[in-house]
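What follows is a single structure, written as structure tokens, with notes after it.
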Amino acid sequence: MRILFCCQFYTPSVGGVQEVIQQLSERLVVRGHKVSVATTKLSSRDFTKLNGVEVNEFDVRGNWVSEMSGEIAEYQEFLLNGQFDVVMMYAAQQWTFDAAWPVLDKLAAFTVFVPCGFSGLYEPGYETYFQALPEVLKKLDHLVFNASKYRDIDFAREHGIIKFSVVPNGANEEVFNVAADPLFRMRHGIPDKSFIFLTVGSFTGLKGHLELVKAFERLKLPRNRHATLILNGNEVQQLDTSVSGLLGKFLALVKIYGFFYAVKKVMGRLVGSVESPKQIAAKLNESKTNKCTLVTDFPRDELTQAFITADLFVFASNIEYSPLVLFESAAAGTPFLSVNVGNAEEIAEWTRAGVICESTVDTKGYTHVNEEVLANSMEELMQQHDKLTTMGKAGKQNWSERLTWDRITVQYEQIFNQLISEH
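First residue of the sequence shown: 1060, per this note's numbering; consecutive thereafter.
See the structure below:
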């Protein structure tokens, strides 16, 4: 089978989409298929083929709402003439899906689409996008959702879309089937009996780092107890920092979110926030209390050990779809505490490894948590050693039985094969 995956970013860029597509692509190659990826051109990428996957770069920016520019025609020509059996586009509101709209009904290949949550569904700037989307979805051969109940699958059902499957995300068994490193704490100056909280996510301002470090600051520890908070994340990929590139980003923000939001966003980047998680973490460390914070960007092997060594993974993100880090926490045998973001509640049910913290969702779909409520939940779970142990073991077992990338890859392969066999 000749398979093309279309995604805005791909390795060496880091993120959830990149991880999913790389896992599926490379495993399908091992299973005997010819796999290609179409993605954004990056100066940091020095290969056109990696682990059997052909990488095709296109210099395109923007999306249907902010307007696209660059090699759009070349990308559309590639889709039309690539001689693929299946083309799977990953995520809405990004150019590899949006630029395909005009040619969808001309493709010889079967088309599969993974919406990834429709993060802009409630944004006024995306109103016309989602008005046009139902007719686009009807041109696709199959949709795949990672959650059985969320705004994207609800949207599809409301508009009569019935050709879809629900396939969960997962975690890499090659990464997490490793032994714990007893020297992890020593390497990072963490006391032996310190209770470790861990969170993982890019420093976008939306991954809950600020809310979590504020909650950690409020944490009331019992006498003679010590706690460590690890804030792990990479900085956001910057594609174009030229004057024209930055102006283009500003105008795109204005078009989607309005002028005042765009100015606020730009000023925040220029002058920084007085309440940045890194600043609060540094201040907390200087106070020399029985708490310490580590702001890190661990390489994969060390991050795996952080997952395994942590006592509790805590997630306070504002916007998600099906967060990989919750599956990775379960794979590490570490219980998690999460706000009700994306399908976190469903992942807690699938893995039996999670507790959902009280939180609210605003009219635009963003999740918010009160720092005092989050701190109280963290304090409560700290005292329940047996419960954490039971949840950790259950998560590890349920992940290994159903939520490894090998098992998930087979589900995607079955969908592709079924499309071909039915026609």
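For glycine and all other residues, C-beta sits at the position ideal for the given N, C-alpha and C.
Determine whether the beta carbon atoms of residue i and residue j lie at a separation below 9 Å.
| i | j | result |
| --- | --- | --- |
| F1374 | G1260 | yes |
| T1287 | F1256 | yes |
| V1094 | L1101 | no |
| T1107 | V1146 | no |
| V1173 | V1195 | no |
| R1518 | E1116 | Any property of residue 1518 remains undetermined from this structure, which presents the chain solely from 1060 to 1482. |
| F1137 | M1148 | no |
| P1193 | I1220 | yes |
| N1291 | L1362 | yes |
| S1376 | L1265 | yes |
| G1229 | Q1364 | no |
| N1122 | Q1152 | yes |
| E1430 | L1280 | no |
| R1359 | V1234 | yes |
| T1070 | N1231 | no |
Answer with buried or exposed for residue i, where buried requires no fewer than 16 other C-beta atoms within 10 angstroms of its C-beta.
| i | result |
| --- | --- |
| E1294 | exposed |
| E1379 | buried |
| R1246 | exposed |
| I1474 | buried |
| S1332 | Because S1332 sits at a pLDDT of 47, beneath the cut-off of 50, its placement in the model cannot be relied upon, and the following sentence gives the value as read from the coordinates. Exposed. |
| L1329 | Annotation note: pLDDT 49 at L1329 (below 50); position unreliable, no value reported. |
| P1227 | buried |
| V1096 | buried |
| D1299 | The predicted position of D1299 is uncertain, since its pLDDT is 47 and thus under 50; a value taken from the coordinates is nonetheless stated next. Per the 10 Å Cβ criterion, exposed. |
| I1289 | buried |
| K1165 | exposed |
| Q1297 | Low confidence applies to Q1297: its pLDDT is 47, below 50, so where it sits in the model is not reliable, and the reading given next is rough at best. Looking at its Cβ environment, which holds fewer than 16 other Cβ atoms inside 10 Å, Q1297 is exposed. |
| N1110 | exposed |
| A1150 | buried |
| T1468 | buried |
| T1393 | buried |
| S1346 | exposed |
| S1128 | exposed |
| A1239 | exposed |
| K1350 | buried |
| T1422 | exposed |
| E1334 | exposed |
| H1482 | exposed |
| Q1179 | Per the sequence presented here, residue 1179 reads as Gly, with Gln not at that position. Burial call: buried. |
| H1444 | exposed |
Using alpha carbons as the reference points, say which of the options lies closest to residue i.
| i | options | result |
| --- | --- | --- |
| N1236 | F1372, L1440 and F1366 | F1366 |
| R1090 | S1480, N1476, G1074 and P1071 | N1476 |
| A1479 | G1264, A1167 and A1341 | According to the sequence shown, residue 1479 is Ile rather than Ala. The option with the nearest alpha carbon to I1479 is A1167. |
| A1389 | V1398, N1399, L1371 and V1400 | L1371 |
| T1348 | P1358, Q1077, R1282 and L1396 | R1282 |
| Q1190 | G1413, H1201 and E1217 | E1217 |
| C1066 | L1199, V1119 and M1060 | V1119 |
| T1352 | T1258, V1124, Q1364 and V1469 | T1258 |
| R1061 | E1085, M1127, E1126 and D1144 | D1144 |
| L1139 | G1129, L1163 and N1122 | L1163 |
| A1159 | C1175, L1180 and E1130 | E1130 |
| H1427 | A1215, G1267 and I1080 | G1267 |
| P1336 | Q1135, V1272 and S1418 | V1272 |
| T1099 | W1154, W1464, V1225 and E1085 | W1154 |
| L1433 | H1444, C1416, D1445 and L1440 | C1416 |
| S1489 | T1368, T1263 and A1391 | Here the chain comprises residues numbered 1060 to 1482, so residue 1489 is not present and cannot be evaluated. |
| L1063 | T1368, T1070, S1084 and P1071 | S1084 |
| S1125 | Y1188, S1072, E1133 and N1231 | Y1188 |
| N1354 | Q1135, P1241 and G1248 | Note that residue 1354 corresponds to Val in the displayed sequence, not to Asn. Cα-wise, what sits closest to V1354 is G1248. |
| P1161 | Q1142, S1436 and A1132 | A1132 |
| D1200 | F1214, D1213, A1215 and F1223 | F1223 |
| T1368 | G1424, Q1338, Q1142 and G1451 | G1451 |
| D1356 | F1262, L1440 and P1241 | F1262 |
| R1489 | N1205, Q1338 and Q1442 | Since the first residue of the chain shown is 1060 and the last is 1482, residue 1489 is not available in this structure. |
| E1270 | N1205, Q1338, P1241 and A1215 | Q1338 |
**Request:** Indicate whether the contact test is met: 3 or more Cβ pairs, each with one atom in the segment 1396-1412 and one in the segment 1245-1254, closer than 8 Å.
**Result:** no
**Message:** Which runs of the alpha helix (DSSP H) at least 4 residues long sit entirely within the segment 1265-1291? Give them in chain order.
**Reply:** 1268-1277
**Message:** Measuring CB atoms only, is the segment 1180-1197 touching the segment 1379-1388, in the sense that at least three cross pairs come out at less than 8 Å?
**Reply:** no
**Item:** At least 3 beta-carbon pairs within less than 8 Å: the segment 1330-1349 vs the segment 1267-1278
**Value:** yes
**Item:** Three CB pairs or more closer than 8 Å across the segment 1204-1211 and the segment 1394-1405
**Value:** yes
**Request:** Indicate whether the contact test is met: 3 or more Cβ pairs, each with one atom in the segment 1412-1424 and one in the segment 1449-1459, closer than 8 Å.
**Result:** yes
**Complete beta strand (DSSP E) runs within the segment 1393-1421 (minimum length 3 residues, chain order)** = 1395-1398 and 1413-1416
**Request:** Return the chain-ordered ranges of every beta strand (DSSP E) run that is complete within the segment 1136-1187 and spans a minimum of 3 residues.
**Result:** 1145-1149 and 1169-1173
**Item:** Continuous beta strand (DSSP E) assignments of at least 3 residues falling wholly in the segment 1061-1119
**Value:** 1061-1065, 1093-1099 and 1112-1117
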